[in-house]
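Counting in the numbering used here, the sequence shown runs from 67 upward without gaps. Ideal placement from N, C-alpha and C gives every residue a C-beta, glycine not left out.
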Amino acid sequence: MTIPERNIHLNLWKVLQDVIVGERFTYEDVEFADVKFEPNINGKPDLVIEAVEKGKVKKIPLLVIETKRKVPYPDPRFDPYSMDVIKQAVGYAIQIGAPYFATCNGEILVIFDTFAVGVPLIQRRVKQYK
67 MTIPERNIHL NLWKVLQDVI VGERFTYEDV EFADVKFEPN INGKPDLVIE AVEKGKVKKI
127 PLLVIETKRK VPYPDPRFDP YSMDVIKQAV GYAIQIGAPY FATCNGEILV IFDTFAVGVP
187 LIQRRVKQYK
């Protein structure tokens, strides 16, 4: 079954809004502050999660999420592990200085470390969620 990218994008935004903004989610010394929907930078990442470090006020970009549609057949244009998809997402993360980026097709969400020095992009995977 095909699920349009826009639906995945919007549903993920709603879930993250509920958890991050509604529940005021924190982890160690970081409070997750906001989920930006298609913020305008050079291009349009689908979602950007912003956070505030303990004792600070300024929001910083923490995680860029690039969504792709879910298709019932193998297609590298929509595969969260595809180099084209990963390069698109890391490009946005580098532009705004986000330490993490993720790719998602509605079934799999893969989180990567943006600035892992000397590590090929595909090997920067931190975590995968189904």
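VAL137 - DSSP class collapsed to helix/strand/coil: For the purposes of this step, residue 137 is identified with residue 71 of the sequence shown, where counting begins at 1. Three-state result, VAL137: coil.
Cβ pair count under 8 Å reaching 3, the segment 106-113 against the segment 87-94: no
Three or more C-beta pairs below 8 Å linking the segment 124-142 and the segment 181-189: no
Inter-residue Cα distance where the pair is TYR147 and GLY157: Against the sequence shown, residue 147 aligns to sequence position 81. Against the sequence shown, residue 157 aligns to sequence position 91. Roughly 15 Å between the two C-alpha positions.
Residue nearest to GLU116 in terms of C-alpha spacing, selected from LYS136, PRO140, TRP79 and PRO142: Residue mapping note: residue 116 aligns to position 50 of the sequence shown, counting from 1. The shortest C-alpha separation from GLU116 is found at TRP79.
Euclidean distance between Cα positions of ASN171 and PHE98: To locate residue 171, count along the sequence shown from 1; it is residue 105. To locate residue 98, count along the sequence shown from 1; it is residue 32. One C-alpha to the other measures close to 23 Å.
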